[in-house]
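These notes concern the structure reproduced below.
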Amino acid sequence: MKRRAQPWLGTLVEISIADAMADTALAAAFELAFQQLALVHRLMSFHAADSDLARINRAPVGSIVEIDPHTRTVLQAAMQVTAASAGLFDIRIASRLVDWDLLPPAGQQLPAYQPQQLSFSLTPEGKLQKLGADWLDLGGIAKGYAVDLAIQSLQQSGVQNACVNAGGDLRVIGDSASEIMLRDPASPASMAYKISLQNQALATSASYFSLQHTERGSHSALVNGQTGEAMLDAVSVSVSAAQCMLADALTKVVMASGNAKHACLAQFGAHALII
Amino acid sequence: MKIAVTAPLLLVSLAGASSSAFATQYLTVEQAQKAIFPEATAFKPATLQVTLEQMRQMEKLAGLPARSAAWRTFTAFKDDKLLGYIVLDDVIGKFELISYAVGLLPDASVKQIEILTYRESHGFEIRNANWRQQFVGKTAAAGLSVGEGIANISGATLSCTHVTDGVRRIAALAQVALKK
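If you want it as structure tokens, here you go:
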């Protein structure tokens, strides 16, 4: 097993390749896969002022914003999950995270968060039309998409057995099942569970690493889209699906609903586990 | 995967405190050199000593405390041509200890970041008895505690802010003390 790790999308992304390959082919496969992660980071970072996401957030209401096809794919998937979950998952929550110091201030006045609104639409030409002032954050879905792109890139390089793990959101390909350990939400340095995974993605969400208690209250990076409130339960939600992007987004639906059999899961061919 | 004993002293001493830490070695320093500057023919090691004045400039550029006056670096050459630099560093997070290498071009821009080792600082425990049996017979030497036997961990996203801060500090170091 050859492993490499680089910091992308605010976390450490690890790529493991189990195939026997010549050194140069292996180096090229790693390089191309990491380039895909870098691409998603560049397009969808909330922090980088020149990302598609930052341009969308700065754009005045009513304007049309040119976006990369990758950004469009992620926004489309986000809209689908938002619709299927009646707004439990919502990418318009950035102002909440900025308010709680979980995202950096963007130098503009914070838009108020109102549940169940539409803040953009996608035009037939693939552009974005801004309908509301809300700030978008793709932190709950872009990591999964980046994992999918990296896996695709590895496959194009001829890799057959591999894993891409973006800080806990991961996808495996190969002839045999991989063992994935799940952190214990009550004691995250310990492993509470093991899952066997083959040619599938698994994403986990929990509040234990982002939980903050301040004089202004307790917050986490996980927001219930229907209420705009932080999800603070000491549980961990894992979702398996064919695509990591969907698994990533659906963890928030299961976390917000507390329902490991939420109807939304079947619609996307996904399964959930709450511990 | 062989675990090379190249981890900095700090990591070794801290990790020694817990009986079994989860750790992964991604690259040795030599492998990282090749991954960052594959075309290089030579890497010249040096300890880069920065002055108090340079540390002040670094703090200004990075917006972070300069932290250290001595940095482990390599200068990469292809024959006589300068390709860039590699700076080694370690950071300690809430749960983890990370060694990493930053590759920089001669103009001090960051070319590539490679994680060398990752180690969880709180030890590593397997709780569920049902599947713990599967690991019976696997000793630490066989890989249970060093990442080879355990494929992957899924959990809440652990932010790597301290790595990105570290990279920012090294980019400032390069600007102040390495840039040609």
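Taken in order, these protein sequences are the chains called A and B.
Sequential numbering from 1093 applies to the first sequence in our numbering.
Sequential numbering from 144 applies to the second sequence in our numbering.
Where a beta carbon is used, it is the ideal one built from N, C-alpha and C, also for glycine.
Indicate the three-state DSSP secondary structure (helix, strand or coil) for residue i in the structure shown.
i          : result
Asp-1191/A : helix
Glu-1106/A : strand
Gln-1201/A : coil
Glu-1158/A : coil
Thr-1165/A : helix
Gly-309/B  : helix
Val-1315/A : strand
Met-1323/A : coil
Gln-1209/A : coil
Ile-1148/A : helix
Cys-1356/A : helix
Ala-1333/A : strand
Leu-1262/A : strand
Thr-1306/A : strand
Would you kindly report the start and end of the unbroken alpha helix (DSSP H) that includes residue i?
i          : result
Val-1346/A : 1336-1349
Thr-216/B  : Counting along the chain, Thr-216/B falls outside any alpha helix (DSSP H), though it belongs to the beta strand (DSSP E) covering 213-221.
Tyr-1237/A : 1234-1248
Pro-1196/A : Unbroken run through Pro-1196/A: none, as it is neither H nor E.
Phe-186/B  : Looking at the DSSP string, Phe-186/B is not in any alpha helix (DSSP H); the run it does join, the beta strand (DSSP E), is 185-192.
Lys-203/B  : 195-205
Thr-1116/A : 1115-1136
Starting from residue i and walking both ways along the beta strand (DSSP E), at which residues does that stretch end?
i          : result
Phe-1301/A : Per DSSP, Phe-1301/A belongs to no beta strand (DSSP E) and is neither H nor E.
Tyr-246/B  : Position check: residue 246/B holds Gly in this sequence, whereas Tyr was assumed. Segment 239-247, the beta strand (DSSP E) holding Gly-246/B.
Thr-1319/A : No beta strand (DSSP E) holds Thr-1319/A; DSSP gives it neither H nor E.
Thr-167/B  : 166-168
Met-1283/A : 1279-1289
Asp-1276/A : 1270-1276
Ala-1254/A : 1254-1258
Gln-174/B  : Looking at the DSSP string, Gln-174/B is not in any beta strand (DSSP E); the run it does join, the alpha helix (DSSP H), is 172-179.
Leu-226/B  : 224-235
Leu-257/B  : The question names Leu, but residue 257/B is Glu in the sequence shown. That run of the beta strand (DSSP E) goes 253-263.
Is the distance from the Cβ of residue i to the Cβ of residue j below 7 Å?
i          : j          : result
Val-234/B  : Val-319/B  : no
Ala-325/B  : Ala-251/B  : The displayed coordinates of chain B run from 144 to 323. Any statement about residue 325/B would go beyond what the structure contains.
Asn-1316/A : Trp-1227/A : no
Ile-1107/A : Val-1256/A : yes
Ala-1238/A : Ala-1258/A : yes
Ile-179/B  : Ala-1097/A : no
Ala-1170/A : Ile-1183/A : yes
Leu-1262/A : Leu-1294/A : yes
Spatial neighbours of residue i within its chain, please: CB distance less than 6 Å, with the 5 preceding and 5 following residues excluded, ordered by chain position.
i          : result
Gly-1102/A : none
Asp-1276/A : Ser-1282, Ala-1284
Asp-308/B  : Leu-207
Gly-290/B  : Caution applies to Gly-290/B, whose pLDDT of 38 falls short of 50 and renders its modelled position unreliable; the value that the coordinates give is listed next. Here the set comprises Ala-166, Thr-167.
Ile-1287/A : Ile-1272
Taking 8 Å as the limit between beta carbons, can you name the residues of its chain near residue i, skipping five residues before and five after?
i          : result
Gly-206/B  : Arg-311
Ser-156/B  : The predicted position of Ser-156/B is uncertain, since its pLDDT is 35 and thus under 50; a value taken from the coordinates is nonetheless stated next. Hits under 8 Å: none found.
Pro-1196/A : Phe-1138, His-1139, Val-1190
Thr-184/B  : Phe-220, Lys-221, Asp-222
Can you find the residues in the same chain that come closer than 7 Å, C-beta to C-beta, to residue i, ignoring five residues on each side of it along the sequence?
i          : result
Gln-1221/A : Ile-1156, Phe-1212, Ser-1213, Thr-1215
Leu-1365/A : Ser-1330, Ala-1352
| field | Residues from the region 1322-1354 of chain A in contact with chain B, defined by Cβ distance under 8 Å | value | Ser-1328, Ser-1330
| request: Mind checking the region 181-212 of chain B against chain A and listing, in chain order, the residues whose C-beta falls within less than 8 Å of any C-beta there? | output: Pro-181
| query | In the region 252-264 of chain B, which residues sit with their C-beta less than 7 Å from some C-beta in chain A, listed in chain order? | reply | Ile-256, Glu-257, Ile-258, Tyr-261, Glu-263
| field | chain B contacts from the region 1260-1277 of chain A (Cβ-Cβ distance under 7 Å) | value | Gly-1260, Leu-1262, Ser-1270, Glu-1271, Ile-1272, Met-1273, Leu-1274, Arg-1275, Asp-1276
| Taking any Cβ of chain B, which residues in the region 1299-1322 of chain A have a Cβ under 8 Å from it, in chain order? | Ser-1299, Tyr-1300, Phe-1301, Ser-1302, Ala-1313
| Which residues, taken in chain order from the region 292-313 of chain B, show a beta carbon closer than 7 Å to some beta carbon of chain A? | Ile-293, Ala-294, Asn-295, Ile-296, Ser-297, Gly-298, Ala-299, Thr-300, Leu-301, Ser-302, Cys-303, Val-306, Thr-307
| What residues in the region 1184-1208 of chain A have a beta carbon less than 8 Å from any beta carbon of chain B? | none
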